[in-house]
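Down below is the structure, laid out as structure tokens.
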Amino acid sequence: MEIKPESNIRFCLTCYEAMPPSGQTGFIKRFTNQLNLIQPLQKVKAKIKHKMTRDNKEIDQDDKEKLDFEHNEVDVISCLPNDVLCRIISFLPFETAVQTSLISIRWKNLWKMALLKDGTKEEAVTAVFNFLNDFPQLHQPRNNWGLQYNFDQGSVLFVAIAPAGILHLDFSAGKQESQRQFSLSLGRNQRIYDHHQASLSTAFNLKALYLVSVCHVSSEMVSCLSSNIPSLESLTIAKCNGLQSIQLESNSELQKLTVLDCFQLESIRMHFNLQFRLKSFQCRGRVVCFNDCNENPLYSPYPPANYYSPLDLEDAMLDFRQGPGYYGINVHGFKFILQSIRGVITLTLCR
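Residues 1 to 351 (full-length UniProt numbering) are what the sequence shown spells out, left to right.
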């Protein structure tokens, strides 16, 4: 008797709901093992199509049945509800979970939806800190590293934790506001919203922060979050429409700064001191200016030849193919960058 795929799905769901929690865990792990066997799925689908259409010739029946079985087996998993699929993905290592987005459109953002919460913009900081503080205790040994936070009627924040203390904050999936200009102030100890706001536990040691698609609506939230990461060594800012300036407060731990595709960015301002020593700077976009926070980017004097740059760069990547920025290239801020790359070990220039 032929068993239809949809019958299999209903049977799987019925079994899952009827199982005790311990049995559900085993059920999920079996599906996880199947996920590890379907890499890469595109090749399987392409092979099926190729065999079915090749010169309209007769296909070996055994091969066809085998391929159809593999194809239906994949579809059985893909048709499961989001909460079941997210539960499956939560057992995978971070890198493998991200790769599931390549399976199909159905799987594209599932890896980011391990947890789902709704709230206001003011509550977002507390929600993220609570998630991070609970992470070491609640999510071991499995890799439940994701949080989707919905706020302000359409805005979405994806929080993901990668190995080695890397935090991703991605706002790209929500509604995109008009390119209203804004500034990011990072590193200053700020309590913007609520005096009862949670803080990051010292037990959670974050080393790197990735910010994607921050806008003026979320800029204060990001500033508040970043101010509670004192041991931050690497900062990446990408695809932030409307971002006009970045201000980095004194941070003796920050060693790497990467800015990618922020095309309205005009300047990067820092509070230089004896402890502030960037080792790596990477920038792709328009020409930007580097300045001390107390300097005017247009009228600051050009440093002398023996001037000791507080950046102390060892690695630099400059991709300014988008052309001059707001201040052009004949100002102190841009010459300051040139002064800072004189002693680098690795230099990448894009023309």
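The beta-carbon is built from N, C-alpha and C at its ideal position, and this holds for glycine as well.
With DSSP as the reference, please indicate the residues paired to LEU349 in a beta bridge. LEU318
Please list, in chain order, all residues of the same chain as MET270 whose beta carbon is under 6 Å from its beta carbon, the five residues on each side excluded. LEU248
Tell me, to the nearest whole angstrom, how far the beta carbon of GLN264 is from that of GLN179; I am working on the premise that it is less than 8 Å. 7 Å
Determine the extent of the alpha helix (DSSP H) in which SER226 is found, giving its start and end residues. 219-226
Taking DSSP as the reference, what is the three-state secondary structure of ASN241? coil
Pop quiz: LEU278 and ALA238 are said to be a contact at Cβ under 8 Å. What is the actual Cβ separation, rounded to whole angstroms? Not quite, the Cβ-Cβ distance comes to about 18 Å (not below 8 Å), so this is no contact.
Starting from ILE88, trace the alpha helix (DSSP H) both ways and give me its first and last residue. 82-89
Sort GLU266, SER280, ASP292 by Cα distance to ARG286 and report the nearest one. GLU266
On the premise that GLY187 lies in contact with PHE151, defined as a C-beta separation below 8 Å, what is that separation, rounded to the nearest angstrom? Incorrect: roughly 24 Å between the Cβ atoms, too far for contact.
Taking ALA316 and MET221 to be in contact with their CB atoms under 8 Å, please state how far apart those CB atoms are, rounded to whole angstroms. Their Cβ separation, rounded to whole angstroms, is 30 Å, which puts ALA316 and MET221 out of contact at 8 Å.
Helix, strand or coil for VAL288, going by three-state DSSP, please let me know. coil
Since I believe HIS216 is in contact with GLY242 (beta carbons under 8 Å), could you give me their beta-carbon distance rounded to a whole number of angstroms? 6 Å
Nearest-angstrom Cβ-Cβ length linking ILE166 and ALA208, presumed shorter than 8 Å: 4 Å
Count the other CB atoms within 10 Å of the CB of ARG87; is the residue buried (16 or more) or exposed (fewer)? buried
Restricting to Cα atoms, I'd like to know which of GLN282, SER231, CYS289 is closest to LYS335. CYS289
If we ignore side chains and look at the alpha-carbon of each, how far apart do TYR307 and SER280 end up? Unreliable placement is indicated for TYR307, whose pLDDT of 49 sits below 50; the coordinate value is still reported in the next sentence. Rounded to the nearest angstrom, the two C-alpha atoms are 19 Å apart.
Nearest CA to the CA of CYS350: which residue from ARG284, ASP312, ASP261? ARG284
Rounding to the nearest angstrom, what Cα-Cα distance links SER343 and SER234 in this structure? Residue identity check: residue 343 is Gly in the sequence provided, not Ser. Rounded to the nearest angstrom, the two C-alpha atoms are 21 Å apart.
Would a C-beta distance cut-off of 9 Å place LEU147 and PHE131 closer than the cut-off? yes
Can you tell me which of the three DSSP states THR100 falls into? helix
Chain-order list of residues whose beta-carbon lies under 8 Å from that of GLU253 (same chain, five-residue window excluded): PRO230, SER231, LEU232, GLU233
Just verifying my parser: in three-state terms, what is the DSSP assignment at LEU338? helix
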